[in-house]
Amino acid sequence: MKKLFEKHNNWFFRAGFVITAFMLLMILIGQFWTPYEPSAMDASAKGLAPSLSHLFGTDKFGRDIFSRVMEGAGSTLLIAFFVVLIGASAGVLIGAVTGYCGGIVDEILMRICDGITAFPSVMLALIIIAVLGPGKWNVIWVLAILFIPSFARVVRTEFSRIKKQNYISLAKLQGVGPLRIIIRHMLPNAFPVLLPAISIGFNNAVLAEASMSFLGVGVSVNEVSLGRMLNDSQNYILRGLPWYALFVGLTIALLILGFSLLGEGLQKNNEG
Amino acid sequence: MNFILKKLTTMIITLLVLSFLSFAAFEMVGDPVATILGTNATPEAAAELRAELGLDRPLPVRYGSWLVDFFRGDWGESYIYHIPVRDMIHEKFVITVTLTLMGFFLAVLMAIPIGLYSARREGQWIDRAITVLSQILMAIPPFFVAILLTIFFGLLLKIFTPGTFVSYQDNLGKFVGYMIFPAISIALPRIAMTVKMLRTTVLGEMQKDYIRTAYSRGHSRQTALKQHAFKNGLLPVITFLAANMAEMLAGCIVIEQIFSVPGIGRLLMTSISSRDIPTVEAIVMILALWVMIVHFIGELLNDAVDPRLHG
Amino acid sequence: MAETVQKNKILEVRNVSTSYTIRHSALGGKKLQHVLHDVSFDLYEGEALGLVGESGSGKTTLARAILGFLPSYEGTITHYSKRPQVIFQDPYTALNPARTVGWILEEPLRVYGKYDGAERKRRIIDMLEQVGLSEEYLNRRPSELSGGQRQRVSIAAALIVRPRFIVADEPVSALDVTIQAQILQLLADMREKFGLSYLFISHDLNVVYQLCDRVIVMRKGVIVEEGGIDTIFAAPQHPYTRELVEASDNPKIL
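Chains as they are written, first to last, in the working numbering: chain A, 87 to 358; chain B, 73 to 383; chain C, 732 to 985.
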């Protein structure tokens, strides 16, 4: 960890790290403890403004918004985590193979990636979810698949560069097999470009989940997530209770800001 | 030339594949007969309607005829409203395109002066403030901007009333007035990105030889900035924003929802939930076409700016 | 020396040619450009053969063909030993930057698969000492080493699988003169100790003179002259060789 800080000595990385660490800590705490039971209704505390007892106020059922945000953020982050995990794993696999092999397979796969990335992923995702129906795992799979090209492209570019290095020729000459070359010799050298891509992936996944659930084509009605809450909170804005939307939006914005600064900071280091 | 042809082919193939997939998918989920007749229709009536809608033919045939009809301008009839989809979409499309273009021009008009100013004041506190601010704004999702604008200008300052959209056909002035805040929501993150990009480009240009030559000929830094760096920085900005038009369009779908703007995004969402398949298919195709065309223009501009990229 | 018939061949190169097509315009007009043209020579056991030529003479392409990195060529290349190993010119790209020296040296042994962990470790440390480095370098990364140290690690990595034949592609030309001398000495020592054969590629006749018994001079993909090192220096036949000999500002003729 100390090494990571020495290596990434820029304010983007530091600010991103602080924000992300804070958000992750709050989410982690929220898994074990929240000020109130997130779904507990309190008839005597409906639609309260933010106060010391209810930091973010309460909704029309008297539920504590701060507790709900903690819970919802955890759910959103979990979705983002699986999206990035699946998308990055598949992307690394495809990018590594195409970057290492080149040729016609590479050409075809990259054309497909071009085609997919031409479309905003939120737009494609909401069309697919419209067909599949809402739900947490539907959102995860759709976004993960749509995120594959961005990871594949980054890894492919890096692999086709690394492939030409002498140490790879040397490894071939020493009789190291292709699979071992890809995994043990090349992959560790691709990490510097993979890390910012993963950070930006989290950024995009949180944004996509929030947008989709907000539009009602994300997680299903009885599941929790920040986007889902944003959808709920929309009705409150015009009724003069704006803080619900404000705090949910702020939470999403901070999560995204943290990941984007972190990604920027990691990238800055690669540029030297 | 070769490059353009290649891009064009990719574009057309992508469009065909995407439209076929979405066509097939939507045909599979919703049974339009049930949508139109309700669940307690007689089997005879259902079969008759099926034949009337052409649903008894195999899928590729239906897709083929749908595609031909689409490009002829016949987009079918809404299952719900029983009016031609084309008539239904027309107004909404104009609204959404206006919103996107307003966002685009807003971004150009705001980003260029700010970016240039920031570059001119390089290293001074104002430049740093702009850099930090744009880095933060870049990461703020459009819908959050929209919420803030609604709360601040709608609820607190009461400059506009959310939900009082007026169509351009009724009152153009009020229409544009209402669209300003949605446009700002879409434009703000783009402005931030563009400012950052422009600043980097201009400062990069300043390092180049011909600018140094301009200096040595006695031009001041200001003149050098204006005459050379500006010209060479402007094109990349427009290219960048053109490439961003697709993302802006996607942003519109969300923004329309928040500001209750009855654009194509809102129609798409309601058509999806009511399983109005002809409308959904037409909108998907239009969005895809729009994205592809915008992308293609972006690529062409990019190629014009830096042909080296393609050997 | 080359005339000693009794010696065993370790490499036989026969009529090797390669070419590529250059396109003059987008419309066509292709032209065949030869990189190597009908190259033939032999390399004997224990011999150090110098391959000299200016850049663009095809010597690196020839090395790549011998190492098996060239996808296609005409003619035949026959190895009479197991796979040759290579030492590259640029020590900065020859070592995996993400790995430690110990890992880099252990990898070929791991792949070989016949030694257990302790035996591998023993061999690595032994090899490090052979090339003039010590055990403490095991956990260093290439970025923490100097150019000369990196080249020592490269040599160790090439030798650890106990090859009989080494291709050295300009192994010292990226180094300072003093380091050059040290690395050349190391190569000479290793040759003696392990009975190695070298194909030593260089643009610098002086460097070749210090290590090699025999020299092949290449120009534009063709071998223009071949002979014992002293013969070449004393009486160059081809005008190009003469040029090279004169250009070597310090001909150390005995």
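Just so it is clear, CB atoms sit at the ideal spot from N, CA and C, and this is done for glycine as well.
Output needed for residue i: all residues of its chain with C-beta closer than 7 Å, excluding positions within five of it in sequence on either side, in chain order.
i                      : result
residue 329 of chain A : 135, 136, 142, 143
residue 152 of chain B : 346, 348
residue 763 of chain C : 750, 752
residue 354 of chain A : 96, 98
residue 179 of chain B : 259, 262, 263, 266, 313
residue 382 of chain B : Note that residue 382 of chain B scores a pLDDT of 45, beneath 50, so its modelled location is shaky and nothing firm can be said.
residue 186 of chain B : 202, 267
residue 199 of chain A : 235, 238, 239
residue 120 of chain A : 153, 156, 157
residue 352 of chain A : 94, 99, 281, 282, 285
residue 972 of chain C : 948, 955, 956, 963
Could you spell out where the beta strand (DSSP E) holding residue i opens and where it closes?
i                      : result
residue 868 of chain C : Segment: none, residue 868 of chain C is in no beta strand (DSSP E) and carries neither H nor E.
residue 900 of chain C : 896-900
residue 117 of chain A : Unbroken run through residue 117 of chain A is the alpha helix (DSSP H), 97-118; no beta strand (DSSP E).
residue 950 of chain C : 945-950
residue 783 of chain C : 779-783
residue 959 of chain C : 953-959
residue 818 of chain C : 816-818
What are the boundary residues of the alpha helix (DSSP H) that includes residue i?
i                      : result
residue 278 of chain B : 244-278
residue 122 of chain A : Taken as a continuous stretch (DSSP letters only), residue 122 of chain A belongs to no alpha helix (DSSP H), as it is neither H nor E.
residue 162 of chain B : 157-192
residue 792 of chain C : 790-798
residue 272 of chain A : Run containing residue 272 of chain A: none; DSSP gives neither H nor E here.
residue 190 of chain A : 189-204
residue 805 of chain C : Here residue 805 of chain C belongs to no alpha helix (DSSP H); instead the beta strand (DSSP E) covers 805-810.
residue 208 of chain B : 197-210
Can you list, in chain order, the residues of its chain with a C-beta nearer than 6 Å to that of residue i? Leave out the 5 residues immediately preceding and following it.
i                      : result
residue 952 of chain C : 765, 766, 767, 768, 789
residue 230 of chain A : 169, 172, 173
residue 371 of chain B : 79
residue 164 of chain B : 335, 336, 339
residue 321 of chain B : 172
residue 978 of chain C : none
Is the separation between the beta-carbon of residue i and that of residue j shorter than 7 Å?
i                      : j                      : result
residue 348 of chain A : residue 102 of chain A : yes
residue 335 of chain B : residue 168 of chain B : yes
residue 253 of chain A : residue 825 of chain C : yes
residue 315 of chain A : residue 212 of chain A : no
residue 267 of chain A : residue 257 of chain A : yes
residue 245 of chain A : residue 283 of chain A : no
residue 901 of chain C : residue 933 of chain C : yes
residue 242 of chain A : residue 181 of chain A : yes
residue 135 of chain B : residue 95 of chain B  : yes
residue 957 of chain C : residue 969 of chain C : no
residue 885 of chain C : residue 822 of chain C : yes
residue 360 of chain B : residue 147 of chain B : no
residue 192 of chain A : residue 203 of chain A : no
residue 343 of chain B : residue 356 of chain B : no
residue 211 of chain B : residue 275 of chain B : no
residue 232 of chain A : residue 210 of chain A : yes
residue 929 of chain C : residue 899 of chain C : yes
residue 889 of chain C : residue 820 of chain C : no
For residue i, I'd like the list of residues in its chain whose CB is within less than 8 Å of its CB, leaving aside the five on either flank, ordered along the chain.
i                      : result
residue 292 of chain A : 162, 163, 166, 312, 338, 341, 342, 345
residue 732 of chain C : Unreliable positioning characterises residue 732 of chain C in this predicted model, as indicated by a pLDDT of 46, which lies under 50. A coordinate reading is not provided.
residue 149 of chain B : 155, 156, 157, 350
residue 926 of chain C : 776, 777, 895
residue 954 of chain C : 770, 771, 772, 947, 948
Would you say the beta carbon of residue i is closer than 6 Å to some non-hydrogen atom of the ligand NAP?
i                      : result
residue 273 of chain A : Ligands are entirely absent from the displayed structure, and the ligand NAP is therefore not among its contents.
Can we say the stretch 912-924 of chain C touches the stretch 834-849 of chain C, given the rule of at least three CB pairs closer than 8 Å?
At 8 Å Cβ cutoff, the stretches do not touch.
Count Cβ pairs between the stretch 922-932 of chain C and the stretch 850-858 of chain C that sit closer than 8 Å; are there 3 or more?
Verdict: no, contact absent.
Three Cβ pairs or more, each shorter than 8 Å: is that satisfied between the stretch 221-234 of chain B and the stretch 153-166 of chain B?
Cβ pair count under 8 Å is below three, so no.
Are the stretch 250-259 of chain B and the stretch 323-339 of chain B in contact at 8 Å, needing three or more beta carbon pairs?
By the Cβ criterion, the stretch 250-259 of chain B is in contact with the stretch 323-339 of chain B, since at least three pairs of Cβ atoms, one from each stretch, lie closer than 8 Å.
In chain order, each alpha helix (DSSP H) run of at least 4 residues that lies wholly inside the stretch 310-350 of chain B
Listed in chain order, they are 336-345.
Could you pull out every unbroken beta strand (DSSP E) segment of at least 3 residues lying fully inside the stretch 870-943 of chain C, listed in chain order?
Runs of the beta strand (DSSP E) lying entirely within the stretch 870-943 of chain C and spanning at least 3 residues, in chain order: 896-900, 928-933.
With a threshold of 8 Å, are at least 3 pairs of Cβ atoms found where one atom belongs to the stretch 813-830 of chain C and the other to the stretch 881-901 of chain C?
The stretch 813-830 of chain C, when compared against the stretch 881-901 of chain C, does touch it at the 8 Å Cβ threshold.
Pairing CB atoms from the stretch 739-746 of chain C with CB atoms from the stretch 792-808 of chain C, are three or more of them under 8 Å?
When Cβ pairs closer than 8 Å are counted between the two stretches, the stretch 739-746 of chain C is seen to touch the stretch 792-808 of chain C, the count reaching three or more.
Any contact of the stretch 217-224 of chain A with the stretch 300-310 of chain A, i.e. 3+ C-beta pairs under 8 Å?
Contact between the stretch 217-224 of chain A and the stretch 300-310 of chain A is established, with three or more Cβ pairs separated by less than 8 Å.
Every unbroken alpha helix (DSSP H) within the stretch 828-863 of chain C, with a cutoff of 4 residues, ordered by chain:
Within the stretch 828-863 of chain C, the runs of alpha helix (DSSP H) at least 4 residues long that lie entirely inside it are, in chain order, 832-843, 848-861.
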